[in-house]
Amino acid sequence: MKRVLTDRLNIFYIFCGISLLLSNTTIGRELPLTSYNKVISPAFLKGIENDSLIQSLEMKWNDQAIEDQIETKIRLGELYCNRVNYQKAYAAYWAALDLLDQKENEALRSEVYDGMGILYSLYEKRDKALAYYKKSLEITRNLVDQEKAPKIDLRKHYFAIAVHYRYDKDIGLANTYIDSCLNIPTKSKFSNLIVNAERAYLLADEKKYPEALEKFQSILPQLEKMSEKSYYVIFHSLYADLFMDLKQYDKAIKNYQLSAVAAMKYRAHINFVPDIYKKLSKALDKINDKKGALHYVNAAYVLDQWLYSSKSENNRFLLEINDEYKKKEQEQQKIIADQQIKNVTQEKQILWLSIGILTLVFVFITWLVFTRIRLMKKNYNNEKRLMIEKQALEKEKNQQILTIKNKELTQSTLQVIAKDEVLSTVKEKLKELHKKDGSKEIRSVLNSIKINQDTSWIDFEHRFTAANKDFFSKLKEQYPNLSTYDLKICALVKLNFTGKEMSRLLGISPESANTSRYRLRKKLGLQKGDDLVEFVNGVA
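If you use UniProt numbering, the sequence shown corresponds to residues 1 to 540, in order.
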């Protein structure tokens, strides 16, 4: 509000200075319109308060569904705001909020908050305005996150906040929000145009005049091809500000006049007009057109008083801020407070109930888990015990089978040895008889008797390997220095053959068999008291 008062004083001082030069004029009285453009006056504003567009919206409002009524109120709020009837704009937005309490629509609530932000901004309630802009942005962000609104909807909110920061002379934040706009692509040429125009103005604020001028010049021909003519009010005002900075006053005057004419013609952005008239007055003063300067500063003063003075009939509502809405808001706040107390109490009850239930559930789950673990452990131990018993029985069974097979093999081998011994004895006796009488029959019998010890051993080895699988491979793995002969001795030792029985099977003398056993003990690293048979059975 201090800023508004300062602007009023500046106008007053300028006006007084000019009036000293032109003493035939009076503050507050509309001047004759000679060669200057017709200005917007309070009479003009009263004349457009209820034009056909506003009347048509008001007439069809009662026949609409609630959501359509909300949209109509928002549209009326925008129109009244553009035509500087802030009381009706304020009432329209509050009516929309009232309807939104009956039927919630987040997208429409966001639009209402934007409108409220503009109204508060016009009356220099900068913090409140920014709060409404950001509430509106937050709603749209949530809708975008929930995929209930397209991301492109965020652009208008970023743009509104960028303009807000530009008015606050915070160029850094203004540029940041303009960048946010540009980071969201759009096919709308007009949307890109107004964002680029704002960027051009920010460049001028940063004293980057060549870049700003180039950007404005590239935008103008595009704007002329578009149907959104009401934007001329803003564009030519921004463009004129650049020429003022460049001290090109003729061009500044031309653009300020184009802006003011567009506001009157299209009945839009009339809230810009007082500032436009002030700037136009200043530009005319720069070229020493005192009469023109006085004409526009007087128009600005009259319009400014009508729009913003607390004594103005148009703004008397601002002193009361609509008691009806205030009372309703207080009632709603009381209802909300009571409901919050109930909610807190209910939440506490729910919390304790939840804690109790969770505790019971936790105890039950803990008991269930421990019971399950104990049962699993018991089952595991039982299965393990059964497996060990089964393995022991299997091993015992295999050992019994092996023992039986080895006994059978031993008996069979001993029978072969006994047979070979008998045949050998018979053969020796027949040789003695043959020497005495030289009988051909005896010779024939001698030739038919064949004792093949190699064949006997091969047969023994096959049968032994079949009964004692992996015996030789394990021995070779543990004692790789054992020869084939040593392995034969190990096999016979495993079957508990005596030295004499070994000698018969291998076709060697008993002394040689004993010598072979002795050498085997040394290769196996046995001491004097170690039992060879027990060792061989233990190793393989």
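Note that CB positions come from ideal geometry on N, CA and C, so glycine has one too.
Given a cut-off of 8 Å on the beta-carbon distance, is the pair residue i and residue j in contact?
i	j	result
Leu-307	Val-39	no
Val-536	Lys-494	yes
Glu-67	Lys-103	yes
Tyr-86	Leu-137	no
Ile-219	Leu-258	no
Arg-517	Gly-529	no
Ala-513	Met-502	yes
Met-226	Phe-272	no
Gly-77	Ala-65	no
Ile-276	Ser-237	yes
Phe-216	Cys-181	no
Arg-155	Ile-184	yes
Tyr-231	Asn-255	no
His-269	Asn-82	yes
Ala-293	Ser-281	yes
Lys-279	Val-297	no
Val-302	Ser-41	yes
Lys-523	Asn-481	yes
Arg-109	Leu-100	yes
Ala-283	Ile-253	yes
Buried or exposed: residue i, going by 16 or more other Cβ atoms within 10 Å of its Cβ?
i	result
Thr-345	exposed
Arg-374	exposed
Phe-362	exposed
Leu-274	The question names Leu, but residue 274 in the sequence shown is Pro. Its Cβ being crowded by 16 or more others within 10 Å, Pro-274 is buried.
Glu-198	buried
Asp-531	exposed
Val-112	buried
Tyr-485	exposed
Asp-241	buried
Tyr-146	Here residue 146 is Gln; the residue named in the question, Tyr, does not match the sequence. By the 10 Å Cβ count, Gln-146 comes out exposed.
Ala-204	buried
Ala-392	exposed
Asp-168	exposed
Gln-478	exposed
Asp-437	exposed
Val-233	buried
Leu-45	buried
Val-163	buried
Lys-469	exposed
Ile-161	buried
Lys-88	buried
Trp-94	buried
Quick check: what's the CA-CA separation for residue i versus residue j?
i	j	result
Ser-56	Ile-74	14 Å
Gln-305	Asn-196	33 Å
His-462	Glu-394	24 Å
residue 547	Gln-222	Shown here, the chain extends from 1 to 540; a query on residue 547 therefore has no answer.
Leu-130	Tyr-249	34 Å
Arg-267	Ala-337	44 Å
Glu-383	Asn-343	57 Å
Met-264	Arg-126	27 Å
Met-116	Ile-171	23 Å
Val-144	Ile-152	9 Å
residue 544	Ile-355	Coverage of the chain is limited to positions 1 through 540, which leaves residue 544 absent and any answer about it impossible.
Phe-497	Glu-511	14 Å
Ile-350	Asn-379	42 Å
Lys-208	Met-59	50 Å
Lys-251	Ala-92	39 Å
Asp-245	Glu-214	15 Å
Arg-166	Ala-174	5 Å
Leu-505	Ala-467	19 Å
Ala-200	Ile-341	52 Å
Ser-483	Ser-473	12 Å
Ala-107	Ile-139	7 Å
Asp-114	Lys-135	9 Å
Tyr-133	Ile-287	40 Å
Phe-471	Arg-372	46 Å
Ser-54	Ser-188	The displayed chain sequence assigns Ile, not Ser, to residue 54. Straight-line Cα distance between these residues: approximately 27 Å.
Gln-339	Glu-224	55 Å
Glu-534	Lys-377	39 Å
Ala-149	Thr-186	15 Å
Leu-526	Arg-519	10 Å
Under 8 Å, Cβ to Cβ, is there at least one residue of chain D near residue i?
i	result
Ile-171	Protein chains in the displayed structure number just one, and chain D is not present.
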